[in-house]
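Student:
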Amino acid sequence: MFDVLLTDMVLLTMAAILAIAVISVRSLLSATMLAGIYSLLMAFIWQNMNAADVAFTEAAVGAGISTVLLLGTLVHTGRLTKQAANHVNWGALGVVCVTGGILIYGTLDMPRFGDPKAPIHTHRVVQQLAQRVGKVDPNGVHEPWQYNSLADQGGPFEVLADGEHPHPKDDFSGHSPNTVTSILASYRGYDTMFETAVIFTAGMALVLLLRRREPGADKFLHEVPGSGPQEKHTGGRVA
Amino acid sequence: MKDQVVLRIITKLLVPYMLVFGVYVIAHGELGPGGGFQGGVILAAGFILYGLVWGKEELHRFVPRRVTDLLAAGGVLLYSGVGVATMALGGRFLDYSMFNADNKGDGEALGMLLIEYGVGITVCTVMITIYDMISEPEDVA
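This is how it looks when you write it as structure tokens:
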């Protein structure tokens, strides 16, 4: 426990330093690179907390794709930020402090960090550790009949029917040992479906807004009355 | 960037592994960490790396815009199609156990795998599209 906490504190301190560095450097290229390193650090932190799925996402999306996309955007903008006005915006500072205070107040309801009596450790994790789908058991128990003989001796599971896999009662018939996936894909299937639809919509919006039409494909636009290319010059002011 | 030898060789070495790993993460989502979203992003990262080094024309030779557009829609369609299929089999929307009435666990596994594929396909192609659109040269007109 202590080494996890220690690693966390070192990593979080570095993340905080990086976050300050990101907002204080003037070169946008440096800021992008620092943001990428920040995401990589956060991936380490999630992995340190055994949240492999979150770490995966953070490394792939935060450190990988979004760095590339920010660099792509950087090509179209300047290299330096504008010189920021040198005064404190008290209203914004107040809002940030109040929001942070509320968030910290919210964590007071949660179990202490690493508390062995936390509900997750007394219920869910016990069942997950006993899960055998997709794992090779160190004792060589992976066939249902072997499992049933253990259940007869008072194991944490009931006796299995033919063709059934040993699993906790609530994990969707035992075919997804990864809790995150079984929640995302099954328990919250609607949610994930519309998330996918949102990603699709974002892509299509980009295509509609930014993709250049192939030569000749925009001839229909000019047939609309009043939208021809000659209209540009009649009412416009000359700069 | 394709005249830089180091970049070119490293890209050629890395991209196949990235693509295989992306497919692995999607297909292995219900057993290990990862899933459709993460695997799709890794797949897209492989394609984007290729496009960064070899140029967008070369990327479009492998994945034409028509293909990414169609697949982005196809992934969502696959996901919702699974839901409709479970309804057609007599269950509720996205009730995966309908795929295998004798062994509900296997039906669940099949349904989850199919929707992971759907998510992965959409995320991968949309990420490629975003890169494609953002790296578009600025309009001169």
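Line by line, the protein sequences give chains F and V. Here the numbering used here is used: the first residue of the first sequence is 145, the next is one more, and so on. Here the numbering used here is used: the first residue of the second sequence is 1391, the next is one more, and so on. Glycine is no exception: its CB is placed at the ideal position from the N, C-alpha and C atoms. Predicted, not measured: the structure shown is a model, and the values here were computed from it.
Threshold first: 4 residues or longer. Then list the alpha helix (DSSP H) segments lying entirely within the segment 1434-1490 of chain V, N to C.
Tutor: Complete alpha helix (DSSP H) runs here, min 4: 1446-1452, 1455-1478.
Student: Report the CB separation of F:F344 from V:A1463 in whole angstroms; it is logged as a contact under 8 Å.
Tutor: 7 Å
Student: Compare the Cα-Cα distances from F:A393 to each of V:M1517, V:V1395, V:Y1521, V:Q1428 and report the closest residue.
Tutor: Residue 393 of chain F is absent from the structure shown; chain F starts at 145 and stops at 383.
Student: Return helix, strand or coil for F:S330, following the three-state DSSP convention.
Tutor: helix
Student: Assuming F:L184 and F:A207 make a contact with CB atoms under 8 Å, what is their CB distance in whole Å?
Tutor: Going by Cβ atoms, the distance from F:L184 to F:A207 rounds to 4 Å, so yes, they are a contact pair.
Student: Can a CB atom of chain V be found closer than 7 Å to the CB of F:V212?
Tutor: Yes - at least one Cβ of chain V is within 7 Å of the one on F:V212.
Student: Which word fits V:P1527, buried or exposed, when buried means at least 16 other C-beta atoms lie within 10 angstroms of its C-beta?
Tutor: exposed
Student: Contact defined as beta carbons within less than 8 Å: I believe V:F1452 pairs with V:I1518. What is the distance between those atoms, to the nearest angstrom?
Tutor: Not confirmed; about 10 Å, so no contact.
Student: Spatial neighbours of V:Y1469 within its chain, please: C-beta separation below 7 Å, excluding the five flanking residues on both sides.
Tutor: I1505, G1508, V1509
Student: For V:E1420 versus V:M1502, is the C-beta spacing smaller than 7 Å?
Tutor: yes
Student: Could you check what DSSP says for F:S171 in three-state terms: helix, strand or coil?
Tutor: strand
Student: Using a Cβ-Cβ cutoff of less than 7 Å, which residues in the same chain neighbour F:M186 once the five nearest sequence positions on both sides are dropped?
Tutor: A159, E202, G206
Student: Within the chosen definition, does the segment 213-222 of chain F reach the segment 164-178 of chain F through at least 3 CB pairs nearer than 8 Å?
Tutor: yes
Student: Flag F:D335 as yes if its beta-carbon sits less than 7 Å from any beta-carbon of chain V, otherwise no.
Tutor: no
Student: Any residues in the segment 1397-1428 of chain V with a beta carbon nearer than 7 Å to a beta carbon of chain F? Which ones, in chain order?
Tutor: G1419, E1420, L1421, G1422, P1423, G1424, G1425, F1427, Q1428
Student: Which of the three DSSP states, helix, strand or coil, is assigned to F:L224?
Tutor: strand
Student: Does any residue of chain V bring its CB to less than 7 Å from the CB of F:N192?
Tutor: no
Student: If we cut at 7 Å on Cβ distances, does V:A1478 have a partner in chain F?
Tutor: no
Student: Using only the heavy atoms of the ligand GDP, determine whether one of them is closer than 6 Å to the beta carbon of V:Y1507.
Tutor: Absence of the ligand GDP from the depicted structure is noted, as is the absence of any ligand whatsoever, leaving it without description.
Student: Between the C-alpha atoms of F:T378 and F:R355, what's the straight-line distance to the nearest angstrom?
Tutor: Bear in mind that a pLDDT of 43 at F:T378, under 50, signals an unreliable position, so the model cannot answer this.
Student: Can you tell me where the alpha helix (DSSP H) with V:L1503 in it begins and where it stops?
Tutor: 1494-1524
Student: For the alpha helix (DSSP H) holding F:M254, just list the boundary residues, first then last.
Tutor: Element bounds for F:M254: n/a, residue is neither H nor E.
Student: Can you say whether F:S171 is buried or exposed, counting buried as having 16 or more other CB atoms within 10 angstroms of its CB?
Tutor: Within 10 angstroms of the beta-carbon of F:S171 lie fewer than 16 other beta-carbons, which makes it exposed.
Student: List the endpoints of the continuous alpha helix (DSSP H) containing V:V1395.
Tutor: 1395-1417
Student: What's the C-alpha gap between V:M1477 and V:S1525?
Tutor: 42 Å
Student: Drop a sphere of 10 angstroms on the beta-carbon of F:C241, count the other beta-carbons inside from all chains shown, and report buried for 16 or more, exposed for fewer.
Tutor: exposed
Student: Against chain F, does V:M1517 count as a neighbour if the rule is that its beta carbon must be under 7 Å from one of theirs?
Tutor: Chain F contact via Cβ: present.
Student: Out of curiosity, what's the CA-to-CA distance linking F:R357 and F:D335?
Tutor: C-alpha of F:R357 to C-alpha of F:D335: approximately 34 Å in a straight line.
Student: For V:F1411, which residues of its own chain have a beta-carbon under 7 Å away from its beta-carbon, when the five flanking residues on both sides are left out?
Tutor: I1432
Student: If you measure from the beta carbon of V:M1391 to each beta carbon in chain F, is any gap under 7 Å?
Tutor: no
Student: Can you confirm whether F:D315, when its beta carbon is compared against all beta carbons of chain V, has any partner nearer than 7 Å?
Tutor: Because the pLDDT at F:D315 is just 48, under 50, the model does not fix this residue reliably, and the value given afterwards should be weighed accordingly. No, its Cβ sits nowhere closer than 7 Å to a Cβ of chain V.
Student: Whole angstroms is fine: what's the gap from V:M1523's alpha carbon to F:V351's?
Tutor: 7 Å
Student: Using only the alpha-carbon positions, how far apart do V:V1457 and V:V1474 sit?
Tutor: If I take the Cα positions, the gap works out to 24 Å.
Student: Along chain V, in chain order, which residues have C-beta atoms closer than 8 Å to that of F:S183?
Tutor: Here the premise fails: no neighbours, minimum Cβ distance about 12 Å.
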